[in-house]
Amino acid sequence: AAPSPTPAPVPSSIIQLADGELKRVEDLKTEDFIQSAEISSELKIDSSTVERIDSGQSPNAVVIQFSVGELKAQVCVEVLVEYPFFVFGQGWSSCCPDRTTQLFELSCAKLCVGDVCVSLTLRGLR
Amino acid sequence: VPVFPWHSLVPFLAPTQSD
């Protein structure tokens with residue numbers, strides 16, 4: 010599966026956590042996702058490990074292969090290089106942090122093979 | 002400034018097995 014690139018989060022947005030607390034997107038911590046998922050009746054937290062990063066169809070795109078969840082399902086996504094993911098214990102990370110910072114004013118780390126990203130799945134989906 | 006519920010970030014996170 011290779012979905013088309015999706016838009017990145019609007020960095021100046023305010024996010025309301027499951028407990029009602031308001032935070033800016035750039036201030037979110039790993040614990041915020043974990044705690045919100047614990048409260049949530051619909052979503053649970055999962056992890057996706059970056060296995061490979063290849064260049065994509067266009068010069069500013071990359072194809073990232075993830076190993077998802079306990080079943081280690083292989084999922085590929087093609088995204089723009091500035092697209093940020095949220096890495097456990099590290100925060101927002103992209104393949105081109107400079108571009109992400111420039112475009113979205115979202116400070117970012119470099120996304121690397123082996124990074125474990127936060128993902129959220131619907132409870133009871135499987 | 003708009004306020005979004007936290008789950009609106011789901012599409013922006015890493016893929017899941019259902020993707």
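These protein sequence lines are chains A and U, in that order. Just so you know, our numbering puts 111 at position 102 of the first sequence, and the rest follows in order with no gaps. Just so you know, our numbering puts 12 at position 11 of the second sequence, and the rest follows in order with no gaps. Beta carbons are placed, not taken as given, at the ideal position from N, Cα and C, and that holds for glycine.
Proximity to Lys-53(A) [Cα-Cα], best of Trp-101(A), Pro-68(A), Asp-41(A) = Here residue 53(A) corresponds to residue number 44 of the first sequence, with the count starting at 1. The shortest C-alpha separation from Lys-53(A) is found at Asp-41(A).
ask   = So what's Leu-52(A) in DSSP terms, helix, strand or just coil?
value = In the first sequence, counting from the first residue as 1, residue 52(A) sits at position 43. Reduced to three states, the DSSP call for Leu-52(A) is strand.
ask   = Residue range of the beta strand (DSSP E) that Gln-74(A) falls in?
value = For the purposes of this step, residue 74(A) is taken as residue 65 along the first sequence, with counting starting at 1. Taken as a continuous stretch (DSSP letters only), the beta strand (DSSP E) holding Gln-74(A) covers 70-77.
task = Just mark Pro-137(A) as buried or exposed, buried being the case when its beta carbon has 16 or more other beta carbons within 10 Å.
result = Past the edges of chain A, shown from 10 to 135, lies residue 137(A), and the structure says nothing about it.
inquiry  = In whole angstroms, give me the CA-to-CA distance for Ala-11(A) and Thr-130(A).
reply    = The count along the first sequence starts at 1 and reaches residue 11(A) at position 2. The count along the first sequence starts at 1 and reaches residue 130(A) at position 121. Because Ala-11(A) sits at a pLDDT of 42, beneath the cut-off of 50, its placement in the model cannot be relied upon, and the following sentence gives the value as read from the coordinates. So the alpha carbons of these two residues sit roughly 18 Å apart.
task = Have a look at the DSSP bridge pairing and note the partners of Cys-141(A).
result = This structure gives no information on residue 141(A), because the portion of chain A shown stretches from 10 to 135.
query = Of all Cβ atoms in chain U, is any one closer than 8 Å to the Cβ of Ser-103(A)?
reply = In the first sequence, the residue the question calls residue 103(A) occupies position 94. Not an interface residue.
request  = Indicate whether at least one CB of chain U lies closer than 8 Å to the CB of Phe-97(A).
outcome  = For the purposes of this step, residue 97(A) is taken as the residue at position 88 of the first sequence. It does not; no Cβ of chain U falls within 8 Å.
request  = Show which residues of chain U have a CB atom less than 8 Å away from the CB atom of Cys-126(A).
outcome  = To locate residue 126(A), count along the first sequence from 1; it is residue 117. In chain order: Leu-14, Ala-15.
ask   = How close, in whole Å, do the beta carbons of Pro-16(U) and Ser-45(A) come, if the pair is a contact with beta carbons under 8 Å?
value = If you number the second sequence from 1, residue 16(U) lands on position 15. If you number the first sequence from 1, residue 45(A) lands on position 36. Their Cβ separation, rounded to whole angstroms, is 19 Å, which puts Pro-16(U) and Ser-45(A) out of contact at 8 Å.
message = Tell me which residue opens and which closes the beta strand (DSSP E) that Phe-5(U) is part of.
response = Working through the second sequence from its first residue, we reach residue 5(U) at position 4. 4-6 is the extent of the beta strand (DSSP E) around Phe-5(U).
query = Cβ of Asp-107(A) less than 8 Å from any chain U Cβ?
reply = For the purposes of this step, residue 107(A) is taken as the residue at position 98 of the first sequence. It does not; no Cβ of chain U falls within 8 Å.
DSSP-derived helix/strand/coil call for Ser-45(A) = Here residue 45(A) is taken as the residue at index 36 of the first sequence, counted from 1. Helix at Ser-45(A).
message = Can you pull the chain D neighbours of Phe-75(A), defined as C-beta to C-beta under 7 Å?
response = In summary, chain D is missing from the structure at hand, where the protein chains are A and U.
task = Determine the DSSP secondary structure at Ser-103(A), reduced to helix, strand or coil.
result = The sequence position of residue 103(A) within the first sequence is 94, counting from 1. Strand, per DSSP.
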